[in-house]
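Those protein sequences? They're chains R and E, same order as listed.
Start counting the first sequence at 1; every next residue gets the next number (the working numbering).
Start counting the second sequence at 1001; every next residue gets the next number (the working numbering).
Backbone N, C-alpha and C define an ideal beta-carbon position, used for all residues, glycine too.
Fair warning: this is a prediction, and the values are worked out from it, not measured in the lab.
Step one of this worksheet: look at the structure below.
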Amino acid sequence: MGQTLAEKILQRHTDQEIAGAGQIVQCKVSMVLANDITAPLAIKSFKAMNAKKVFDQEKVALVCDHFTPNKDIDSAEQVKVVREFAEEMGVTHYYECGEVGVEHALLPEKGIVGPGDIVVGADSHTCTYGALGAFATGMGSTDIGAAMALGETWFKVPPTIKVDITGSPRQYVGAKDYVLNLIGRIGVAGALYKALEFSGEAIDNLTVEGRMTMANMAIEAGGKVGLFPVDQKTLDYTAAAGRSGDMMMTADLDAVYERLVEIDVSDMAPQIACPHLPDNVKPVDETSGLKIHQSVIGSCTNGRIEDMREAAAILNGRKVDPKVRCIILPATPKIWKACMKEGLMEIFMDAGCIVGPPTCGPCLGGHMGILAGGERSIATTNRNFKGRMGSLQSEVFLSNPSVAAASAIAGEIINPAKL
Amino acid sequence: MIVKGTAHQVGDHIDTDAIIPARFLVTTDSSELGANCMEGLEAGWGKRLKKNDIIVAGENFGCGSSREHAPISILGAGVPVVVAKSFARIFYRNGFNMGLVLLEVGDDIEKINDTDQIEVDTVSGEIRNITTGAVITCAAVPSFMQEILDAGGLVEYAKKKLV
Ligand code: SF4
C-alpha cells in the first residue's frame, strides 16, 4: 500500500513499520523549537525532568520574537530566562537582538528546517515548514521540554486530506486567498487531527514562499500538518539557504487519502476572513466599503520579501489614508535589508507607512499596533479571534498583502483591482 | 489499571476554556485547578465529580488553546479517565503527558448514558457499562504510551529515561 507524504516522513524517523492512519509511533526529531512565550514553560518542564543537557545543541532553536524588542518588564524577564538557558546549554540556534526574525520566517531562511525533517515547536504555526516538505507541528510546552531532552516524541499517524488546487489565478489573487478559501470550505475543525496534502497545477506554480503562506494556516483548519511535495523549487530554495543533500519527495501514487477537496482558482476573487473566525471567509467585494483604522502587513503568514514586493507594488506613488496606521513589519533582518536594497522602504515611507522591526508585534496583540474598542484592522496575519489584536470590541479582517495595502490607501476594505 | 465510577456526560466541542477558564490559570496546583474543573461549562458543574468518576464526552473534546492546565484540572478533580467520541489533537497529547487516560470510542459513545456505572480497563481498552451491560472495546493504549501513564506522566517518564 502506498504512503502519503505524512506517512513517508514519519517512516524515515522511526524503526516501527507505519501501517496507516491512527497508529502511534515514536520518532526522532530533527529540530525542536520554542519562543519567548513558550520556552520559559518548556524549560520549567525540562528542569522538572532533571534533564541536564539538550539532546543536541544544534537541534534546538530558541527564537525570542513575540514581544521583542522587549515591550515590558515581564517580557524582558521571560527572554532573560530563555537567554540564560540557551547559554547554559550551548544552544547554537538562539536568536535575539539584531539577529531575530519571526520564527517561522527565520528558520527556513537559515536552512535550519527542510525536506523530510520532523520539526516540533511550542507554537501552533510550526506547521509552516510543511511548505518545504517537513512534518512540522505545534505541541504543548511539556512535550517540547521532553523533546529537547530526549530528541524524540510520539505521533499518531494522521489521515490525510488531499487538496487539489487547479487553474490560473487572476491578478491580486494568490496563496493567501487559496488557503483562506480552503478554510472557508472545510471549516476551522475541517482538518482536525489530520494532515493536509497540497497538489495540483496552481501549487506547482506557487513559489516556496507562497507555499509557506498556505502551510502556515493549516492549523486554522485544525490540521496537524500542511504538506507540500518537494520539487525543484523547494530544492533551489533550501540550497540557497545553505542546505545540502535534500531530495525530491512526493506521495506514492497509490497513497490512501481520507478525502479529496478540489479547488479551481480561475475565477477566485481576493478572499477576506471576517471576524471572529478564520473560516468566516467572503470574496473581498462583499466586505468592501468597511472603514479601517489600521492595516498590518507582516507576520509568519505574509511577512516575506514577496509579500513586501506585493504591498509595494500597490503603495508605489500612492498615499495611505491619513486616518489609517499602515504598519509594515518585514519578518526577518534579511527581508528588511532586501526591502532597503530593492527600494521598497522608500516606497513605504513615501506612502506614509510605519515600518517596524522584525517582530510578531500586533499579530497576537503583543505590541506595536494594538486596537482600541471599536477599531477595525485589516491584516495579512492568520488569526482574527475576538480580541486577538487588542480590545475585545475590535475587529480583525484577514487578507493578502495587495488587499491590505490597497485598503490602507482607500481607508476602507477594497478590491485592489478597483483602486 | 481498572477504574470504576459514575459516568458524567458532556457535549461536543468542549473547549479548554470550558474545562478550566483563563481566570484560574494563575496556578499549576492540581487540587486548586481541580476545584474549578468545568467551571466554564456551568458554574458548580464540577461538584458532581467524585474520585474515580469518568467524564464521557462527544466530539472534539479539549479543543482550543494548548493549556496543560486543562488535563491537570480534570485529574485534580479526581477523574482519571475521559472517554470521548473524539479528542482535539493538542489536548490528546497534553492529557497523556499529564497522566490522564483518554479513550476514543467513536460512535460507541452512545452506549454510555449520564450517571451509568462504568468500569474501564485502561490497559486492554475495554469499557463495561455495568448499568446496561454494554461492552465497548477500543484500541488498547500503545505500550510506550502506557509507560508514560504508568510513570505518572511525561515529566516522570522522561526523568526515568534520562537516568
Ligand atoms: S507572527 Fe503571529 S502567528 Fe506568527 S508566530 Fe508570531 S504571533 Fe504567532
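**OP:** Return no unless some Cβ of chain R is closer than 8 angstroms to the Cβ of E/M1145.
**Re:** yes
**OP:** Hey, could you find the ends of the beta strand (DSSP E) R/C326 is sitting in?
**Re:** R325 to I328
Original post:
Given a limit of 8 angstroms on CB to CB distance, which residues of the segment 11-38 of chain R reach chain E?
Top reply: G22, I24 and Q26
Original post:
Can you tell which of R/D65, R/R83 and R/V284 has its C-alpha closest to the C-alpha of R/P270?
Top reply: Among R/D65, R/R83 and R/V284, the Cα nearest to that of R/P270 is on R/V284.
Original post:
Out of R/D65, R/D117, R/R211 and R/G361, which has the shortest C-alpha to C-alpha gap to R/K176?
Top reply: For the residues R/D65, R/D117, R/R211 and R/G361, the minimum Cα distance to R/K176 belongs to R/R211.
Subject >> Residue-level contact to chain R via CB, E/L1162, 8 angstroms cutoff >> reply: So, interface residue.
Subject >> Per-residue DSSP class, three states only, for R/S394 >> reply: coil
Subject >> chain E contact for R/N50 (CB, 8 angstroms cutoff) >> reply: yes
**OP:** Could you tell me if the beta carbon of R/L364 falls within a distance shorter than 7 angstroms of some heavy atom in ligand 1?
**Re:** yes
**OP:** Quick one: which residues of the segment 353-380 of chain R get their C-beta closer than 8 angstroms to a C-beta of chain E? List them in chain order.
**Re:** none
Original post:
In chain order, what residues of the same chain have a beta carbon less than 7 angstroms from the beta carbon of E/E1104, not counting five sequence neighbours either side?
Top reply: A1084, S1086, F1087 and C1138
Subject >> Alpha-carbon spacing of R/K80 relative to E/V1082, whole angstroms >> reply: The C-alpha of R/K80 lies about 38 angstroms from the C-alpha of E/V1082.
Original post:
Any C-beta of chain E sitting closer than 8 angstroms to the C-beta of R/T142?
Top reply: So yes, R/T142 belongs to the interface.
**OP:** Out of R/I118, R/G90, R/T68 and R/D72, state which residue places its alpha-carbon closest to the alpha-carbon of R/E96.
**Re:** For R/E96, the nearest C-alpha among the options comes from R/T68.
Original post:
In chain order, which alpha helix (DSSP H) runs of at least 4 residues are fully inside the segment 303-349 of chain R?
Top reply: 305-315 and 333-341
Original post:
Does the beta carbon of E/E1068 sit closer than 8 angstroms to a beta carbon anywhere in chain A?
Top reply: Protein chains R and E are contained in the structure displayed, whereas chain A is not.
**OP:** Would you list the one or two residues that DSSP bridges to R/W154?
**Re:** R/Q26
Subject >> Under the three-state DSSP convention, the category R/P108 falls into >> reply: helix
Original post:
So what's E/F1096 in DSSP terms, helix, strand or just coil?
Top reply: helix
Subject >> Beta-carbon neighbours of R/A149, restricted to chain E and to distances below 8 angstroms >> reply: A1158 and L1162
Subject >> Segment limits, beta strand (DSSP E) that includes R/Y94 >> reply: Per DSSP, R/Y94 belongs to the beta strand (DSSP E) from H93 to Y95.
Original post:
Which class does E/N1129 belong to by DSSP, given the choice of helix, strand or coil?
Top reply: strand
Original post:
How about R/D307: is its Cβ closer than 7 angstroms to a heavy atom in ligand 1?
Top reply: no
**OP:** Answer yes or no: does any C-beta atom of chain R fall closer than 8 angstroms to that of E/V1155?
**Re:** yes
**OP:** Would you verify that the beta carbon of R/A146 is, or is not, closer than 8 angstroms to some beta carbon of chain E?
**Re:** yes
**OP:** Determine whether the Cβ of E/P1021 lies closer than 8 angstroms to any Cβ atom of chain R.
**Re:** no
**OP:** With a 10 Å radius around its C-beta and 16 neighbouring C-beta atoms as the bar for buried, classify R/N35 as buried or exposed.
**Re:** Here R/N35 is buried: its Cβ has 16 or more other Cβ atoms, across all protein chains shown, within 10 Å.
**OP:** Could you work out which residues of chain E lie near R/S45, taking near to mean beta carbons separated by less than 7 angstroms?
**Re:** V1155
Original post:
For the beta strand (DSSP E) that R/Q271 lies in, which residues bound it at each end?
Top reply: From DSSP, the beta strand (DSSP E) with R/Q271 extends over Q271 to A273.
Original post:
Are there 16 or more other CB atoms within 10 angstroms of the CB of R/I203, so buried, or fewer, so exposed?
Top reply: buried
Subject >> Within chain R, partners of E/N1097 - CB distance below 8 angstroms >> reply: G140, T142, D143 and A146
Original post:
Identify the residues that DSSP records as bridge partners of R/A61: which are they?
Top reply: R/L33 and R/H93
Subject >> Assigned exposure category for R/Q78 - 16 Cβ within 10 Å defines buried >> reply: In this structure R/Q78 is buried. Its beta-carbon is surrounded by 16 or more other beta-carbon atoms within 10 angstroms.
**OP:** Go to E/E1104, then tell me how far its beta strand (DSSP E) extends in each direction, as first and last residue.
**Re:** V1101 to E1104
Original post:
Does the beta carbon of R/K224 sit closer than 8 angstroms to a beta carbon anywhere in chain E?
Top reply: Output row for R/K224: interface = yes.
Subject >> Proximal residues of chain R, C-beta to C-beta of E/P1142 below 7 angstroms >> reply: Neighbours of E/P1142 in chain R, taken as residues at a C-beta separation under 7 angstroms, are given in chain order as I24.
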